[in-house]
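Per the working numbering: the sequence shown = residues 538 to 619.
To keep things clear, I will list the structure first and then write my remarks on it.
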Amino acid sequence: MWCVYILECKNKSLYTGITNNLERRFKEHHKKTTHYTSYNPPVRILFKESHRTRSRAAKREAQIKQFSRADKLMLIKSNLPR
């Protein structure tokens, strides 16, 4: 399974990515192996969405990356447990 995720970074920005292992990827972001998060380390995972294929996850990631910050926050809010 592949996962699209949104992280909240230390500077309050939102980082969107994909992975097939979210726990490992979150640790990699903390090890500063990614350019953006090496300067803005992630604080927490705000959103995750599973996809059967990398292709579908990549398409969804591209779609979310086009969202405004407000749209991303609405997406996150709509996926919170009630």
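Glycine included, every Cβ here is placed at the ideal spot set by N, Cα and C.
Alpha-carbon spacing of residue i relative to residue j, whole angstroms
i           : j           : result
residue 600 : residue 608 : 11 Å
residue 562 : residue 604 : 22 Å
residue 558 : residue 598 : 15 Å
Limits of the beta strand (DSSP E) - the one that residue i falls within
i           : result
residue 581 : 579-588
Neighbourhood of residue i by C-beta distance below 7 Å, restricted to the same chain and skipping five residues each side
i           : result
residue 613 : 543, 583 and 584
Closest by C-alpha distance to residue i, when choosing among the options
i           : options               : result
residue 540 : 594, 570, 565 and 606 : 594
residue 576 : 548, 556 and 616      : 548
residue 578 : 617, 545, 554 and 558 : 545
residue 553 : 616, 611, 602 and 617 : 602
residue 615 : 570, 571 and 586      : 586
Assigned exposure category for residue i - 16 Cβ within 10 Å defines buried
i           : result
residue 574 : buried
residue 556 : buried
residue 567 : exposed
Same chain only: Cβ atoms within 6 Å of residue i, ignoring 5 sequence neighbours per side
i           : result
residue 551 : 543 and 609
Extent of the continuous alpha helix (DSSP H) to which residue i belongs
i           : result
residue 610 : 606-615
Close-in-space but distant-in-sequence residues of the same chain around residue i (CB under 8 Å, 5 per side omitted)
i           : result
residue 606 : 551
residue 580 : 544, 545, 546 and 547
residue 590 : 539
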